[in-house]
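FYI, full-length UniProt numbering numbers position 29 of the sequence shown as 29, with every residue one higher than the one before it.
Okay, so here's the structure we're looking at.
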Amino acid sequence: MQNFLNICCILSLVCFSSSTFAQGQNKTTFGHKRSYEGMVVEPTLSVATDVPDRILASWKGDPSTSFSVTWRTKSGADAVAEVAIADSGPKFVLNAKLFKGETSPLKTNLGTVHMHAVTFKGLQPGTLYAYRVGSRRTTELSKEDRSSVETATTDYAWSEWIHFRTAQKSQGKVVKPVRFVYVGDAQNDIKSHWSRLIRESFRDAPRMTFMLHAGDLVNRGNNDHEWGEWFHAGSWIFSTIPQLAIPGNHEYDRDRISAGAGVEYRDIPKTLSRRWSQRFEFPENGPKGSTENVYYVDVQGVRIIGLDSNLEPNTQTEWLEKVLKDNPNRWTILTHHHPIYSSSKRRDNPELRDTWQLLYQKYNVDLVLQGHDHSYGRSGPIDLQLSRKLVTEENVATGLRVADQSGGPVYVVSVSGPKMYDLKQYPEETLKSNPHRRRAKNTQLYQVITIEQDRLIYQAKTATGELYDQFTINKDKSGKNLFHDQAPSSKVTQKDN
Ligand SMILES: [Fe+2]
1 MQNFLNICCI LSLVCFSSST FAQGQNKTTF GHKRSYEGMV VEPTLSVATD VPDRILASWK
61 GDPSTSFSVT WRTKSGADAV AEVAIADSGP KFVLNAKLFK GETSPLKTNL GTVHMHAVTF
121 KGLQPGTLYA YRVGSRRTTE LSKEDRSSVE TATTDYAWSE WIHFRTAQKS QGKVVKPVRF
181 VYVGDAQNDI KSHWSRLIRE SFRDAPRMTF MLHAGDLVNR GNNDHEWGEW FHAGSWIFST
241 IPQLAIPGNH EYDRDRISAG AGVEYRDIPK TLSRRWSQRF EFPENGPKGS TENVYYVDVQ
301 GVRIIGLDSN LEPNTQTEWL EKVLKDNPNR WTILTHHHPI YSSSKRRDNP ELRDTWQLLY
361 QKYNVDLVLQ GHDHSYGRSG PIDLQLSRKL VTEENVATGL RVADQSGGPV YVVSVSGPKM
421 YDLKQYPEET LKSNPHRRRA KNTQLYQVIT IEQDRLIYQA KTATGELYDQ FTINKDKSGK
481 NLFHDQAPSS KVTQKDN
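Structure follows, in structure tokens:
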């Protein structure tokens, strides 16, 4: 009977494929045009069990002495985790220290699961650790299964042992080399089209210090199936490399479950997805009321500041100025979802320029990493004072910005998923008003950024690993930046297909 069903299955697939190709349909219909509500859920992407899955590492505390992990199980409120210094021999487990996890239920569109979190503290800087996470089994193992696992693990279902390296200690302006991958919106068709990109980025920079997601990680923040796709794509990469993220507009979603029955969907206000603070363990050092959506973290001489551009910018300005002013680090990277300079049509955000940009200039932010526009745009260093002066003197339309070789932050918008928008076009006579020196459309990209004591090297790579953009910033003793544009003049220049 089973064989018969298998044959039917294969036949129907062949028939479907044949008819698809027979009709000449060779274009993909991307997921953002579909509704997931009626989709058949793939069990491996969404169904929770007693065994920990969706394991994600990040930093809630000092990256040199701690790291945090979250994971998911179906039930099981008793969550634990173990950590030990990794060793080439298997007996490192004998030195493992047990930590108690915190558990909270998460109601999803696919049923209730349990989210667990732990922060390993008191660790040594620059050290390779092995950790595993577990939760008490809610269904007893069969006699046969029980005999096949270690005695110590029969009461708990455990993950594998996972390596994690703590950051190196850094004092003042001393930088220990940092490398990270930054990606713009993954958002749609994550399993189908984002998997290849995020895995290529890991292949490119396997010893990276962390990974940064500039918002719109999924299309609908409360949809569990989409998070299943996200974890499928990143898989164990997310458990071994610390992940940093800030929310995009798609992490703000209507919470149908909390709203209860009888409330019209359109009447439910959009709020930050319930799972954001359950999924991510980020520093709780943001402005009052922020739920790990606004924060900063210092890593080896680099300050990473995450803002939530979905909220009224003024709610974060005072905090931002304090964090920029009181900053002992040599380099400062800033990230938020909506761009200061949009790269796509009809997506300008003047309120961000009016509220935040002066502070970036005043406190010497080096690099601003953004998403949202589903295309690529990268500026030179933008000297805000100089550009405003020119706007006044030449009476040129608002939007003119001057890229100087030395002054001001560099602004980047990028996209990693398959949803693509057209580039913003600038009139020929005001071409210099285009803040972006390098642009692309229809191109999935990831960025590898390497920061040393006096040098920042930025590379944008296509989903196929091809170098698309590059620049270097050299920082002198006084902290002044010298910018070198190294965009390759290859056939992929200004990709416009
Ligand atoms: Fe967005």
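Glycine is no exception: its CB is placed at the ideal position from the N, C-alpha and C atoms.
Span of the alpha helix (DSSP H), counted from its first residue to its last, around Tyr252
Per DSSP, Tyr252 belongs to no alpha helix (DSSP H); it is in the beta strand (DSSP E), 252-254.
Rounded to whole angstroms, what is the Cα-Cα separation between Leu106 and Thr70?
13 Å
Confirm the yes/no value for this check: CB of Gly306, any heavy atom of ligand 1, distance under 7 Å.
no
Give a single yes or no on whether Asn474 has its beta carbon closer than 7 Å to a heavy atom of ligand 1.
no
Shorter than 7 Å, the distance from the beta carbon of Asp185 to the closest heavy atom of ligand 1, or not?
yes
Own chain partners of Tyr341 with C-beta closer than 6 Å, once the 5 adjacent residues on each side are dropped:
Tyr411, Pro435
Residues bridged to residue 540 by DSSP?
Limits of the chain in this structure are 1 at one end and 497 at the other, which puts residue 540 out of reach.
Looking at Trp194 and residue 539, is the spacing between their C-beta atoms short of 8 Å?
No information on residue 539 is available, as it lies outside the stretch 1 to 497 that the chain covers here.
In this structure, how does DSSP classify Ser58 when only helix, strand and coil are distinguished?
strand
Contact under 8 Å by Cβ, Phe483 with Gly380:
yes
For the beta strand (DSSP E) containing Glu82, name the first residue and the last one.
79-85
Assign Glu394 to one of two classes, buried (16 or more other C-beta atoms within 10 Å of its C-beta) or exposed (fewer than that).
The predicted position of Glu394 is uncertain, since its pLDDT is 38 and thus under 50; no value can be drawn from it.
Just the C-alpha distance for Ser309 and Thr240, rounded to the nearest angstrom, thanks.
28 Å
Quick one, which of Ala167, Leu352, Thr450, Ile305 has its alpha-carbon nearest Pro125's?
Ala167
Considering only heavy atoms of ligand 1, does any lie closer than 7 Å to the CB of His484?
no
How is Tyr182 classed by DSSP in three states: helix, strand or coil?
strand
Terminal residues of the beta strand (DSSP E) in which Ser68 lies
67-73
Limits of the alpha helix (DSSP H) - the one that Val448 falls within:
Element bounds for Val448: not the alpha helix (DSSP H) but the beta strand (DSSP E), 445-451.
When you compare the CB positions of His114 and Thr139, do they come within less than 8 Å of one another, or not?
no
Given 7 Å as the limit, tell me if residue 518 has its C-beta closer than that to any heavy atom belonging to ligand 1.
Nothing about residue 518 can be read from this structure; the chain reaches only from 1 to 497.
Please determine if the region 259-278 and the region 82-98 are in contact, where contact requires at least 3 C-beta pairs separated by less than 8 Å.
no
Between Met420 and Leu123, what straight-line distance do the alpha-carbon atoms span, to the nearest angstrom?
43 Å
In whole angstroms, what separates the C-alpha of Ala445 from that of Ile237?
A small correction: the amino acid at residue 445 is Leu; Ala does not occupy that position in the sequence shown. When rounded, the distance between both Cα atoms is 18 Å.
Determine the closest residue to Gln243 out of Arg378, Asn223, Ile257, Met208, with distance taken between C-alpha atoms.
Met208
At a threshold of 7 Å, does His337 count as lining ligand 1 (C-beta to nearest heavy atom)?
yes
If we ignore side chains and look at the alpha-carbon of each, how far apart do Thr332 and Leu367 end up?
7 Å
Any idea if Asn481 is buried or exposed, counting beta-carbon neighbours within 10 angstroms, 16 or more meaning buried?
buried
Taking Asn188 as the reference, which of Val415, Ser489, Thr472 has the closest Cα?
Val415
Three-state secondary structure (DSSP) at Lys176?
coil
Can you tell me where the beta strand (DSSP E) holding Gly377 begins and where it ends?
376-381
Going by C-alpha to C-alpha distance, which of Asn349, Ala81, Arg136 sits closest to Glu312?
Asn349
Quick one: using the 10 Å Cβ neighbour count with 16 as the cut-off for buried, is Arg346 buried or exposed?
exposed
In the DSSP output, what is Asn474 paired with across the bridge?
Arg455, Leu482
Nearest residue (CA-CA) to Arg137, options Val174, Ala79, Glu144:
Ala79
What does the alpha-carbon distance come out to for the pair Leu212 and Val181?
6 Å
Please list, in chain order, all residues of the same chain as Tyr156 whose beta carbon is under 7 Å from its beta carbon, the five residues on each side excluded.
Val80, Gly134, Ser135, Arg136, Arg137
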